[in-house]
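Input: a single structure, listed below in structure tokens.
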Amino acid sequence: MKDKLEGIILSLSPYGETGTLAQVLTKEAGYLSFVAKGSAKLSAKNRLMPLCRCRFLFDYKEGKTIFTLQQKELLKSYYSSDLKELSFKNVLTEMVSRLRPEETADVYEDLLFVLENYDKQKEALLGCFLTSRLLHYAGIAPYTDGCVVCGKSTVQGFSVQKGGFLCAEHVTEAERCDLPELRRIRYLEIAGKEKVLRIPEDYTLEDWDRYIDFLKRHADTRLRSYDFYRQL
Ligand SMILES: [Zn+2]
Numbered sequence: 024m025k026d027k028l029e030g031i032i033l034s035l036s037p038y039g040e041t042g043t044l045a046q047v048l049t050k051e052a053g054y055l056s057f058v059a060k061g062s063a064k065l066s067a068k069n070r071l072m073p074l075c076r077c078r079f080l081f082d083y084k085e086g087k088t089i090f091t092l093q094q095k096e097l098l099k100s101y102y103s104s105d106l107k108e109l110s111f112k113n114v115l116t117e118m119v120s121r122l123r124p125e126e127t128a129d130v131y132e133d134l135l136f137v138l139e140n141y142d143k144q145k146e147a148l149l150g151c152f153l154t155s156r157l158l159h160y161a162g163i164a165p166y167t168d169g170c171v172v173c174g175k176s177t178v179q180g181f182s183v184q185k186g187g188f189l190c191a192e193h194v195t196e197a198e199r200c201d202l203p204e205l206r207r208i209r210y211l212e213i214a215g216k217e218k219v220l221r222i223p224e225d226y227t228l229e230d231w232d233r234y235i236d237f238l239k240r241h242a243d244t245r246l247r248s249y250d251f252y253r254q255l
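Numbering (the working numbering), first residue to last: 24 to 255.
Set out below in structure tokens:
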């Protein structure tokens, strides 16, 4: 049976002597791998490129996750020749590939949302947003309904190690945050796609660092692409 599925290419690697293996997050069937034979020699038009949203034509077989690609139709490319933008987008796809949450339809929509709404000025906000969503799907989101230790609703700080907000009694000096900082964390947890672009706060890369730290500590995931992005 021939199948056509829409997906976003997360990564590409060489396969055999002339082939390419594409890791793809599909809208309908989660994470799949496609082998494109001889695609290194193909013309630019047919070659697989990272960060593309395509419709893939292949023979689907239940239980299999790796397929020979028969054809692809490019829907949209999010690739950029700007190094900063490209490395930002590489962080997004590396996070998804490494965490591989099971809520694939939601992850697909979230990733697509960030790619579609990309704006140089909003990298910190969009990066924080996707990381926060992935932490949710992985079941390790920061606790922001009150103090993570005692549940008290008035909070004064945040700790990556303890996993959320902290009240006056449980906060240490190093964990203390100002009000806008606490607001930025809380807004992200409750905003969702519908409201995230309207959050009236300016997010910084230090905010994203905190989420990436969270990922490192609670999912044991270190992202090389993020280290690279932060060095630029
Ligand atoms: Zn407390």
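In this text, a Cβ means the ideal position worked out from N, Cα and C, and glycines have one as well.
query                                                                                                                                                                : result
Check the C-beta distance from Phe181 over to Gly169 and give it rounded, since I have them as a contact under 8 angstroms.                                          : Phe181 to Gly169, Cβ: 12 angstroms. No contact.
Can you tell me whether DSSP reads Val172 as helix, strand or coil?                                                                                                  : coil
Looking only at C-alpha atoms, which of Ser120, Gly162, Val194 sits nearest to Lys175?                                                                               : Val194
Roughly how far, in whole angstroms, is the beta-carbon of Gln46 from the beta-carbon of Leu33, given that I think they are within contact range, below 8 angstroms? : 5 angstroms
Contact between the stretch 114-121 and the stretch 232-252: three or more CB pairs below 8 angstroms?                                                               : yes
Closer than 7 angstroms to a non-hydrogen atom of ligand 1 - does that hold for the CB of His241?                                                                    : no
Following a CB-centred definition, is Glu196 positioned closer than 7 angstroms to any heavy atom of ligand 1?                                                       : no
Tell me, to the nearest whole angstrom, how far the beta carbon of Tyr102 is from that of Cys75; I am working on the premise that it is less than 8 angstroms.       : 7 angstroms
Thinking C-beta only, is Tyr226 closer than 8 angstroms to Leu148?                                                                                                   : yes
Give the list of continuous beta strand (DSSP E) stretches no shorter than 3 residues that lie fully inside the stretch 142-201.                                     : 180-182, 187-189
Between His193 and ligand 1, is the CB less than 7 angstroms from at least one heavy atom?                                                                           : yes
Quick test of the definition: if touching needs 3 or more C-beta pairs under 8 angstroms, does the stretch 47-60 touch the stretch 84-94?                            : yes
Taking the straight line between their C-alpha atoms, what separation do you get for Gly150 and Arg78?                                                               : 26 angstroms
Looking only at its own chain, which residues have a Cβ that is under 6 angstroms from the Cβ of Leu138, when we skip the five neighbours before and after it?       : Tyr101
Could you pull out every unbroken alpha helix (DSSP H) segment of at least 4 residues lying fully inside the stretch 37-91, listed in chain order?                   : none
Given this structure, state the Cα-to-Cα distance separating Leu228 from Leu44, to the nearest angstrom.                                                             : 32 angstroms
At a cut-off of 7 angstroms, would you count Val130 as near ligand 1, judging by its Cβ distance to the nearest heavy atom?                                          : no
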